[in-house]
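Heads up, the sequence shown is in UniProt numbering, so the first residue is 1 and it goes up one at a time. Working notes for the structure below.
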Amino acid sequence: MSEAKVIVSTPSPRTRQSLATDLFNAGINSNMAVIVHSSLSSLGWVCGGSVAVVQALMDVITPSGTSQVQISTVGSAQTKLFNMRNAVDFAITWLRDNPRYQEEVL
């Protein structure tokens, strides 16, 4: 689906603040350990994209909490040849090599 169609089909703008409010209203709060598995496209159009989603999650969980997030794409070469010993190194390297992520997310 094109970005224009996603924008038109999204009832209201999704922002860092609105996502944080939604997460809080869903019962997520600071000091929690949360496992996150999400499809960005399932949220509709998000102003700020995936960075806004990660920032909203960090805003709600705070540094006191813990989040575990899947970073691979189903069907990618990385998931077909998954090796637990290499998973952490791969994740850290991938996050650092992709500038849309912030260092403090690690």
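Just so you know, even glycine gets a beta-carbon here, dropped at the ideal spot from N, CA and C. If you're wondering where the values come from, they're calculated on a predicted model, not measured in any experiment.
Residue environment, residue i, which counts as buried when at least 16 other CB atoms sit within 10 Å
{"i": "Ala-4", "result": "exposed"}
{"i": "Arg-96", "result": "exposed"}
{"i": "Val-88", "result": "exposed"}
Host alpha helix (DSSP H) of residue i (start-end)
{"i": "Val-6", "result": "3-9"}
{"i": "residue 108", "result": "The structure shown has nothing for residue 108, since the chain only spans 1 to 106."}
Beta-ladder partner(s) of residue i, from DSSP
{"i": "Ala-20", "result": "DSSP output for Ala-20 lists no bridge partner at all."}
{"i": "Arg-14", "result": "Val-46"}
{"i": "Ile-35", "result": "Gln-68"}
N- and C-terminal bounds of the beta strand (DSSP E) containing residue i
{"i": "Ala-26", "result": "First-last for Ala-26: undefined, no H or E at that position."}
Spatial neighbours of residue i in its chain, beta-carbon cut-off 6 Å, leaving aside the 5 residues before and after
{"i": "Gly-44", "result": "Thr-10, Arg-14"}
{"i": "Asp-59", "result": "Ala-20"}
{"i": "Asn-31", "result": "Ser-64, Gly-65"}
Same chain only: Cβ atoms within 8 Å of residue i, ignoring 5 sequence neighbours per side
{"i": "Val-6", "result": "Ser-41, Gly-44, Trp-45"}
{"i": "Gln-70", "result": "Val-36, His-37"}
{"i": "Phe-24", "result": "Val-60"}
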